[in-house]
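*Asks:*
Residue numbers (my numbering), protein chains in the order written: chain V, 484 to 750; chain B, 345 to 676.
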């Protein structure tokens, strides 16, 4: 009976895995074929699509731009959210619960609402078409999220750890950086993961707040349509390359991710 | 060593005046929520008392923060820095005090050898057993070179067997240090096993203090008698006194023994001891007695027996404040 049900479980999981892997396989297959072969259904193998991306400045500049603003966004979000989350986790002050909920309510508005104000503001102060513009705009969404995730992790650490450090005679900054941050590094990893993912795939703000100079990869990908039709092969190759940074981030935080989802409140 | 002068832990509670002596272990015995943990936090400087003062060797501790205060604290949950090795954990207070690397190294190794942690210096707290983690927490407290060591139910999270072996080990260790030690507990056995002095706490105030045997032999109130009793103290049918479970027996010991005719309710035994649940004639229906008898005793519910108690051990309270009903309400 047990054997039969575990065999069944393997089959179901196998099918599910196949279902999940199929699009990735298809993407990879398209990326390794020329456009002509894709359209005619011939068999073909070429690395020309990847070569195009790595040799054409429009493409690789797009990747560089995206990585730049994602990195800036992640650094700003985590470094701003860490002290905020610590305050929410450890101190009681007037309106703390309300302020905490208000942070989350920022995420209730669709990004489109902020589009025009951001565009006008950034044009006025000369931030338009810079990676910093996109990074700051994304902070509106990633900072509240980071505060929420980190607060969950910090509250899971007993307060007696803070008190112990006070009794030992450590200052608050020393405790925070040398004792507390290593303790919640799993939570920081998960936070980085969420910031990265949001910023990396977000299209609307990234497209509107950039022109030609800081054009992100997601925008470049929407412009593969030309007079001669859609360049499927190059588009698929770009798709494969956009998956890689995400995979890398997951790889680095994979050990904390499971623990992270269990400890943090985000599910 | 440490003198509490009219210290009020919580507004509305009775002020506490007590002196914790150097070189002695004072067990603070009280039930949950009796204010033991708050007392520890106040002593360590983590909480402010509502009123009154603390004087360590004559100097007031008012306004001295937890860091500079020469008081170390060991929590009931073993609090150690999880990402620091055993060595770094013990060294922590000395690092904070800015001592030299060489001095720290010598001192840490000395403390580790005293606590049997030398072989574990490179490990992380998560890799230690419960007893080792607690010894590490004590080691860090020792490294602070405090004059007063406060331990808040230090053994409560350990399993029964380990607890017994550590109890004696700890008492030995603490006696070798020339420190005043405050050791809170809710187990009367701790008072005898580790305590040189005893303080009974209830409702954030002190019921009685003195040497453990003294307090045991002459409780000043029913509440004090009940705290030093495991299981609870039995109320006499006339309501004016208490008799401890261990003082009841099935055999007459002396000519002037007090006699109680009882009806058996049930027996619990572990072979070496039997807890006899019974009701003496005249006791109200909602109350019952527990007698702690030696050896294996088998009695059926409904049996009638006579229990004997030495006359000296029947506790009578002349103090009019020692309201008996209060003692029973507090028992819960």
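The beta-carbon is built from N, C-alpha and C at its ideal position, and this holds for glycine as well.
From the DSSP secondary-structure annotation, give me the bridge partner or partners of residue 601 of chain V.
*Replies:* Its beta-bridge partners do not exist; DSSP assigns none.
*Asks:* Short check: CB of residue 598 of chain V to CB of residue 687 of chain V, under 8 Å?
*Replies:* Yes, the Cβ-Cβ distance between residue 598 of chain V and residue 687 of chain V is below 8 Å.
*Asks:* Would you identify the three-state DSSP class for residue 428 of chain B, choosing helix, strand or coil?
*Replies:* Residue 428 of chain B falls in the coil class under three-state DSSP.
*Asks:* Would you say residue 527 of chain B reaches chain V, if we count a Cβ-Cβ gap shorter than 8 Å as a contact?
*Replies:* No, because no Cβ of chain V sits closer than 8 Å to the Cβ of residue 527 of chain B.
*Asks:* DSSP has residue 617 of chain B in a bridge; who is on the other side?
*Replies:* Residue 617 of chain B pairs with B:638.
*Asks:* Nearest CA to the CA of residue 624 of chain B: which residue from B:597, B:613, B:582?
*Replies:* Nearest option by C-alpha distance: B:582.
*Asks:* Out of V:709, V:724, V:713, V:579, which one is the CA nearest neighbour of residue 701 of chain V?
*Replies:* Minimum Cα distance to residue 701 of chain V is reached at V:724.
*Asks:* When you compare each of V:709, V:705, V:651 to residue 425 of chain B by their alpha carbons, which one comes out closest?
*Replies:* It is V:651 whose Cα lies nearest to the Cα of residue 425 of chain B.
*Asks:* What residue from V:715, V:680, V:636 has the CA that sits closest to residue 732 of chain V's CA?
*Replies:* That would be V:680, whose Cα lies nearest to the Cα of residue 732 of chain V.
*Asks:* Please list the partners that residue 416 of chain B has in chain V, where partner means a Cβ-to-Cβ separation under 7 Å.
*Replies:* Near residue 416 of chain B (Cβ distances below 7 Å), the residues of chain V are 650.
*Asks:* Please check if any C-beta of chain B sits within less than 8 Å of the C-beta of residue 746 of chain V.
*Replies:* Below a pLDDT of 50, predicted positions are generally treated as unreliable, and residue 746 of chain V, at 48, falls in that range; the measurement from the model is reported next regardless. False, the Cβ-Cβ gap to chain B never drops below 8 Å.
*Asks:* Should residue 739 of chain V be flagged as near chain B, meaning a C-beta pair shorter than 8 Å?
*Replies:* No - not a single Cβ of chain B is within 8 Å of the one on residue 739 of chain V.
*Asks:* Just to confirm, are residue 609 of chain B and residue 591 of chain B a CB contact at a threshold of 8 Å?
*Replies:* Taking 8 Å as the Cβ cut-off, residue 609 of chain B and residue 591 of chain B do not qualify as a contacting pair.
*Asks:* Just the Cα atoms here: how many angstroms apart are residue 362 of chain B and residue 565 of chain B?
*Replies:* Each residue's Cα considered, the two are about 19 Å apart.
*Asks:* What is the DSSP secondary structure of residue 735 of chain V, counted as helix, strand or coil?
*Replies:* Correct three-state label for residue 735 of chain V: helix.
*Asks:* Anything in the stretch 426 to 441 of chain B with a Cβ closer than 7 Å to a Cβ of chain V? List those residues in chain order, please.
*Replies:* Going along the stretch 426 to 441 of chain B in chain order, one finds 426, 427, 436, 437, 440, 441 with a Cβ nearer than 7 Å to chain V.
*Asks:* Taking its Cβ as the centre, do 16 or more other Cβ atoms sit within 10 Å of residue 350 of chain B, making it buried, or is it exposed?
*Replies:* Residue 350 of chain B should be labelled exposed.
*Asks:* Taking C-beta pairs closer than 7 Å, name the residues in chain B that residue 666 of chain V reaches, listed in chain order.
*Replies:* Within chain B, the residues near residue 666 of chain V are 426, 427.
*Asks:* Is the beta carbon of residue 405 of chain B sitting closer than 8 Å to the one on residue 391 of chain B?
*Replies:* Not closer than 8 Å, so no.
*Asks:* Which residues in the same chain have their Cβ closer than 8 Å to the Cβ of residue 431 of chain B, if we skip the five residues on either side of it in sequence?
*Replies:* Contacts found: 452, 456, 465, 466.
*Asks:* Do three or more CB pairs link the stretch 622 to 642 of chain V to the stretch 555 to 567 of chain V at distances below 8 Å?
*Replies:* Enough Cβ pairs lie closer than 8 Å, so yes.
*Asks:* Taking just the CA atoms, how far does residue 663 of chain V sit from residue 590 of chain V?
*Replies:* Each residue's Cα considered, the two are about 28 Å apart.
*Asks:* 8 Å is my cut-off, CB to CB: does residue 643 of chain V come that close to chain B?
*Replies:* Chain B, which has a Cβ nearer than 8 Å to the Cβ of residue 643 of chain V, makes this yes.
*Asks:* For residue 550 of chain B, which option in B:578, B:345, B:368, B:373 has the closest C-alpha, if you only look at C-alpha atoms?
*Replies:* Minimum Cα distance to residue 550 of chain B is reached at B:373.
*Asks:* Can a CB atom of chain V be found closer than 8 Å to the CB of residue 388 of chain B?
*Replies:* Residue 388 of chain B counts as touching chain V.
*Asks:* For the stretch 475 to 498 of chain B, which residues have a beta carbon sitting closer than 8 Å to at least one beta carbon of chain V?
*Replies:* Within the stretch 475 to 498 of chain B, the residues whose Cβ lies closer than 8 Å to some Cβ of chain V are 484, 488, listed in chain order.
*Asks:* Output, in chain order, the set of chain B residues within a Cβ distance shorter than 9 Å of residue 671 of chain V.
*Replies:* What residue 671 of chain V touches in chain B: nothing, since even the nearest Cβ is about 13 Å away.
*Asks:* Using only CA atoms, which one of B:628, B:601, B:580 lies nearest to residue 660 of chain B?
*Replies:* When each option's Cα is compared against that of residue 660 of chain B, the closest is B:580.
*Asks:* Can you give the Cα-Cα distance for residue 567 of chain B and residue 518 of chain B, rounded to whole angstroms?
*Replies:* Near 29 Å, if we compare the C-alpha coordinates of residue 518 of chain B and residue 567 of chain B.
*Asks:* Do the stretch 437 to 444 of chain B and the stretch 467 to 476 of chain B touch if we need at least three Cβ pairs shorter than 8 Å?
*Replies:* As far as the Cβ criterion goes, the stretch 437 to 444 of chain B does not touch the stretch 467 to 476 of chain B, which means the pair count is below three.
*Asks:* Please report the Cβ distance between residue 537 of chain B and residue 516 of chain B, rounded to the nearest whole angstrom; I am assuming they are in contact, meaning their Cβ atoms lie under 8 Å.
*Replies:* That belief does not hold up - the Cβ atoms of residue 537 of chain B and residue 516 of chain B are roughly 11 Å apart, past 8 Å.
*Asks:* Bridge partners for residue 398 of chain B per DSSP, in chain order?
*Replies:* For residue 398 of chain B, which the question treats as bridged, DSSP gives the partners B:348.
*Asks:* DSSP on residue 527 of chain B, reduced to helix/strand/coil?
*Replies:* In this structure, residue 527 of chain B counts as strand in the three-state DSSP scheme.
*Asks:* Would a C-beta distance cut-off of 8 Å place residue 736 of chain V and residue 673 of chain V closer than the cut-off?
*Replies:* In contact: residue 736 of chain V and residue 673 of chain V (Cβ atoms closer than 8 Å).
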